[in-house]
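Step one of this worksheet: look at the structure below.
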Amino acid sequence: MPFLEGAVLEFTRLRLAHGIHPKRRVDAGRLRWVVDFDALEAAGIANARARAPLIVYLDSLGFTAEQMVAAERRGRLFGLAGDVLQWSGPPTYSLRAAAERLGVSVHDLARAWTALGLSVPEETEPVFSEADIDGLGAWAGMKSGYGDDAAMGFLRVLGASMARLADGARQPTRHHDVAHQ
Numbered sequence: 001m002p003f004l005e006g007a008v009l010e011f012t013r014l015r016l017a018h019g020i021h022p023k024r025r026v027d028a029g030r031l032r033w034v035v036d037f038d039a040l041e042a043a044g045i046a047n048a049r050a051r052a053p054l055i056v057y058l059d060s061l062g063f064t065a066e067q068m069v070a071a072e073r074r075g076r077l078f079g080l081a082g083d084v085l086q087w088s089g090p091p092t093y094s095l096r097a098a099a100e101r102l103g104v105s106v107h108d109l110a111r112a113w114t115a116l117g118l119s120v121p122e123e124t125e126p127v128f129s130e131a132d133i134d135g136l137g138a139w140a141g142m143k144s145g146y147g148d149d150a151a152m153g154f155l156r157v158l159g160a161s162m163a164r165l166a167d168g169a170r171q172p173t174r175h176h177d178v179a180h181q
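Every letter in the sequence shown is one number past the one before it in full-length UniProt numbering, and letter 32, counting from 1, is 32.
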C-alpha cells in the first residue's frame, strides 16, 4: 500500500535500535527490519510508538502492517494477538470467493456462518482460511446429501457447542479475577 512505503528504517538505525555495535560482526539472519512508527501513525494506528511492544509482537505472529491498520480502524488492534489463538490460518477468501469455491450461494454461506455463531463479514473482505473452506466443505456436502434443514441444524449444534466450550474455558479466569479483587 502506498501509505506504508518507506515504513522501514535504514540499516544503520536498525542496528542501533537493536543495540548492535556498527563495528562488530553480526549474523544478518538475526536482524529484523524495524517499522517506521510515523508511517504507521499516518496510516491510522494511534500512538504507534507507545504501542511498540504490541506492534512488534503482532509482527512476530505474522500480521502485516495492512492487517494491523485494518484492525485499528475496527478498534481491534489489541485483539489480533488473541485472534491468532482462534485462527484457522491466514484469511485468503472473501465471503463471495468462499461461496464460489464451495459451490453455494453467498446467502447460504452467510446463513451457515451465522448458524455457527460467527458474524458475517463484508462480501469482499478476506476472512476465510483454507481450513475454514475445508470445514465448510463438509457442511456443503451434508447440505447436498441430507438437505438444508439437517445441515443448518448440525451447524447450530456445532456453534452452540463451541460457544459453551469457550465459555467454560473463560470460567476459571473469571473466577480467579473475582477472587483476587
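Where a beta carbon is used, it is the ideal one built from N, C-alpha and C, also for glycine.
Straight-line gap, residue i to residue j (C-alpha atoms, nearest Å)
{"i": "A48", "j": "R73", "result": "13 Å"}
{"i": "E100", "j": "D132", "result": "14 Å"}
{"i": "L77", "j": "A151", "result": "35 Å"}
{"i": "A166", "j": "G82", "result": "13 Å"}
{"i": "M68", "j": "F37", "result": "12 Å"}
{"i": "D148", "j": "L61", "result": "38 Å"}
{"i": "A28", "j": "G153", "result": "For A28, the predicted model reports a pLDDT of 42, less than 50, meaning its position is unreliable; a value from the coordinates is still stated below. When rounded, the distance between both Cα atoms is 55 Å."}
{"i": "K23", "j": "Y93", "result": "Annotation note: pLDDT 41 at K23 (below 50); position unreliable, coordinate value reported separately. Cα to Cα, the separation comes out at about 47 Å."}
{"i": "Y57", "j": "L109", "result": "33 Å"}
{"i": "A7", "j": "L80", "result": "Note that A7 has pLDDT 39, beneath the 50 cutoff, so the model's placement of it is unreliable and the number below is only indicative. Each residue's alpha carbon lies about 21 Å from the other."}
{"i": "H107", "j": "T124", "result": "14 Å"}
{"i": "A71", "j": "G44", "result": "10 Å"}
{"i": "L136", "j": "V84", "result": "20 Å"}
{"i": "A46", "j": "S88", "result": "28 Å"}
C-beta atoms of residue i and residue j nearer than 8 Å
{"i": "L95", "j": "P121", "result": "yes"}
{"i": "P90", "j": "F128", "result": "no"}
{"i": "W139", "j": "L155", "result": "yes"}
{"i": "G159", "j": "A115", "result": "yes"}
Enclosing alpha helix (DSSP H) for residue i [first to last residue]
{"i": "P53", "result": "A52 to S60"}
{"i": "A43", "result": "F37 to A43"}
{"i": "A48", "result": "Premise fails: A48 is in no alpha helix (DSSP H) and is neither H nor E."}
Every unbroken alpha helix (DSSP H) within the region 110 to 168, with a cutoff of 4 residues, ordered by chain: 130 to 146
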